[in-house]
Amino acid sequence: IVNGQSQPYNTVKISDTWWTRQNLKEPGGMCYLFDDANCKKYGSLYYYDLAKAACQGLGPGTWTLPTPDDWNVIKNSKSHRNMLNLKKGGYMVQDTSSQQLGVAGRFWSTPGIGFEISGSSLSQKSVPCNTQLSCRCVKK
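Under the numbering used here, the first residue of the sequence shown is numbered 1, with each subsequent residue one higher.
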């Protein structure tokens, strides 16, 4: 898919759901430690509302943030995790405290809930609203 900013994203179909295979790099996101090189390698980090808007801006069709059920399909299959190539882009709290770049990646699901890839495992995490995470999008 190509969004309005001409940013191409590869997609893959897992079960009945299309997923973006890259972390988003859309307006409204921040680069880890405000370094553009981190955005190029890992994608942008978003507050929840901005992540949701970034997915909706992908069109055509209805792109959204993955639900916990969507993530659980990925969590329960190593081959699905490999298909998505989940980048470990870390996360930021209140634009200042940066965490885990290259070690873990956290991805938005619903308000207050994200999923973290660390090593080869994927787990659900509680996420404070002042946290910026990576973003993947799905379309059913």
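No residue lacks a Cβ here, since even glycine has one placed at the ideal position from N, Cα and C.
None of the values given here were measured: they were computed from a predicted structure.
Check each candidate in the options and name the one with the smallest Cα separation from residue i.
{"i": "residue 55", "options": "27, 131, 12, 124", "result": "27"}
{"i": "residue 44", "options": "91, 74, 116, 112", "result": "91"}
{"i": "residue 128", "options": "69, 19, 48", "result": "48"}
{"i": "residue 39", "options": "89, 126, 139", "result": "89"}
{"i": "residue 107", "options": "78, 11, 74", "result": "74"}
{"i": "residue 79", "options": "15, 7, 10, 8", "result": "15"}
{"i": "residue 7", "options": "17, 13, 22", "result": "22"}
{"i": "residue 41", "options": "97, 98, 86", "result": "86"}
Can you tell me whether residue i is buried or exposed, with buried defined as 16 or more other CB within 10 angstroms of its CB?
{"i": "residue 24", "result": "buried"}
{"i": "residue 34", "result": "exposed"}
{"i": "residue 36", "result": "exposed"}
{"i": "residue 102", "result": "exposed"}
{"i": "residue 134", "result": "buried"}
So, using beta-carbon positions, are residue i and residue j closer together than 8 Å?
{"i": "residue 50", "j": "residue 29", "result": "yes"}
{"i": "residue 136", "j": "residue 63", "result": "no"}
{"i": "residue 131", "j": "residue 67", "result": "no"}
{"i": "residue 115", "j": "residue 123", "result": "yes"}
{"i": "residue 112", "j": "residue 97", "result": "no"}
The beta strand (DSSP E) with residue i in it runs from where to where?
{"i": "residue 122", "result": "121-126"}
{"i": "residue 103", "result": "Neither: residue 103 is in no beta strand (DSSP E) and is coded neither H nor E."}
{"i": "residue 18", "result": "17-20"}
Under 8 Å, Cβ to Cβ, is there at least one residue of chain B near residue i?
{"i": "residue 51", "result": "Of the protein chains in the structure, only one exists, and it is not chain B."}
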